[in-house]
Amino acid sequence: MGIVVFLASFTEASASAQETTHLGDVTVSATLHAPEGSSCPSEKKLLDAIRRSLSHAPSDEGPASVEVVIAVDAKGNVGSVRTIGRDADKTIGKRTTRAKSCVHLAEALVLIVVQTLDPLADESTSATIDGDDTDAERGSTETPAADDDRKSPATPSPSPRSGRRARHPQAQPLPSSRRVVFGAMAGASVATGIFPSLTPGAYFGLWLGTARSNGVEADLRGSQRLEASTTILFPSTLDLGEGSFQFRGVRPQLSGCPTSFGTNATQASPCLSLGALWVDASARDFAQNTGTLSVVPYVGLGAMVRVHLTDTIGLRLAVDASAFLRRAEWVLRPVGVVHELAPVSFGGTVAVESLRP
Numbered sequence: 001m002g003i004v005v006f007l008a009s010f011t012e013a014s015a016s017a018q019e020t021t022h023l024g025d026v027t028v029s030a031t032l033h034a035p036e037g038s039s040c041p042s043e044k045k046l047l048d049a050i051r052r053s054l055s056h057a058p059s060d061e062g063p064a065s066v067e068v069v070i071a072v073d074a075k076g077n078v079g080s081v082r083t084i085g086r087d088a089d090k091t092i093g094k095r096t097t098r099a100k101s102c103v104h105l106a107e108a109l110v111l112i113v114v115q116t117l118d119p120l121a122d123e124s125t126s127a128t129i130d131g132d133d134t135d136a137e138r139g140s141t142e143t144p145a146a147d148d149d150r151k152s153p154a155t156p157s158p159s160p161r162s163g164r165r166a167r168h169p170q171a172q173p174l175p176s177s178r179r180v181v182f183g184a185m186a187g188a189s190v191a192t193g194i195f196p197s198l199t200p201g202a203y204f205g206l207w208l209g210t211a212r213s214n215g216v217e218a219d220l221r222g223s224q225r226l227e228a229s230t231t232i233l234f235p236s237t238l239d240l241g242e243g244s245f246q247f248r249g250v251r252p253q254l255s256g257c258p259t260s261f262g263t264n265a266t267q268a269s270p271c272l273s274l275g276a277l278w279v280d281a282s283a284r285d286f287a288q289n290t291g292t293l294s295v296v297p298y299v300g301l302g303a304m305v306r307v308h309l310t311d312t313i314g315l316r317l318a319v320d321a322s323a324f325l326r327r328a329e330w331v332l333r334p335v336g337v338v339h340e341l342a343p344v345s346f347g348g349t350v351a352v353e354s355l356r357p
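Numbering-wise, UniProt numbering puts 153 at position 153 of the sequence shown, and it's gapless, one number per residue.
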C-alpha cells in the first residue's frame, strides 16, 4: 500500500489545480490555493522540489499519509504538517511553522516532508524551489526562523544501508520555548456542606499560565496555571414553620496548578486553592427579622481536567474538597441553631474556557 502526501494551501479567494507524481510507492499530490499575483510556487514546482530533495526511496516504516497545509492571508504565512501512522491506532501527529514569505514557508514544509519520508535526510538535505518568481522573492526577503532546520550541503551524506529503516519517523514536537497563555472561564458548579441543601452556583474566572508554544498553537502538557475565580451560590431557603431562613453566598477563590499531564487532546492538573466563603443569612416572617454576614476562609485541594474542543476553546471539568478554617453556625432566637457549616465541603465544576496561545 502506498503512502499519500497532500500539499495544500488555503486563502480567501483563489483558483487551484492538482498535480500528482509518484516517488517509488509514494503518491504525492500538491494543491495550491493562493491569491492571484502571489509569489507562491506552483504545484509542479512543489512536487519537483520534493523529488529533488529525496536522496533515498521513502521508508516503508514511515507514516501512512502526510498532509501539508499552507495558509496565506493578510495575517501571514502559516503552514502545518499532519501525519497519520500505519499502526492500528492510526497515530496522528502535527507540526506547525510560519515564515515571512510564501517561498520560505514552502521550502521549510518541503524539507519537513522529506525528513518525514526519509528520517536520515535531515543530516544533509536542503530544500530549494526553482523559478524566477521564487528566486526574486527569496533574494529580497530575510531568511526566517523556519529555514534554520536546513543543513549545509557540505555535510557528508549518510550511508543508505546503515539502519535507515530501523526508526519510525514521528511528528516533530512543538518547540521547547515557553510563553504566557491566558483565557477566561464560565460554567456551573455544585457543592455540598455549605447550605442546608445541595448548592448549585454560577462559575466565572480568569486564568494565566505558561506553556510550550510555537506562536500558532500551545501544548498544555506540563503547563502551569494560576486561576482567579468566583462562584455565585444560588439562594437556599430553610422552612422553619413560623417563618423561613434564607442563605445567599459567594466564593472568591485563587488556585494554583503547578503542572499538567496527559495528551494533546486531554490534560489533567492537580490544584491547590485558597478562598473565602461569604454568606448572607436572613430570617423572614418572624416577629423580629434579623440578618448576618459571615466570612469563612478555607483551603482546598482538587483536580482539573481540560478537554480540547478547538485550538482556542476547551471543556474544563473539576472536582475539589475545601476545608473551612473556622467553625460557623447560624442561630435564631428562640429557635436555636438553624444551620451549621460542615467542616469540609465537596464540589464540582463544569465550564467552558478560552485559550489565547
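Ideal Cβ positions, reconstructed from N, Cα and C, are used throughout, including at glycine.
- Of the candidates G249, A328, G302, the residue whose Cα lies closest to the Cα of L274 is G302.
- DSSP places S255 within a strand segment (E or B) once states are collapsed to three.
- Nearest Cα to G314 within the set F234, W207, K44, E61: W207.
- A186 places its beta carbon 8 Å or farther from that of T199.
- Inter-residue distance for A34 and E107 is about 16 Å (C-alpha atoms, whole angstroms).
- Of the other Cβ atoms in all chains shown, 16 or more fall within 10 Å of the Cβ of E353; this residue is therefore buried.
- Between G209 and V181 a beta carbon distance of about 6 Å is seen, short of the 8 Å cut, so the two are scored as contacting.
- Assigned with DSSP and collapsed to three states, E242 falls in coil, not helix or strand.
- According to the DSSP secondary-structure assignment, G347 is paired through a beta bridge with A191, D320.
- Unbroken beta strand (DSSP E) runs of no fewer than 3 residues, entirely contained in the region 267 to 311, are found at 291 to 308, following chain order.
- In the structure shown, D48 adopts helical secondary structure according to DSSP, grouped into three states.
- About 20 Å separates the Cβ atoms of G62 and T96, ruling out a contact at the 8 Å cut-off.
- In the DSSP assignment, I70 falls within the unbroken beta strand (DSSP E) covering 65 to 73.
- Shown here for E329: same chain residues with a beta carbon closer than 6 Å to its own, the five before and five after excluded, namely V337, E340 in chain order.
- Within 10 angstroms of the beta-carbon of A265 lie fewer than 16 other beta-carbons, which makes it exposed.
- If you check the CB distance, V110 and I129 come in under 8 Å.
- Judged by DSSP in its simplified three-state form, A106 adopts helix.
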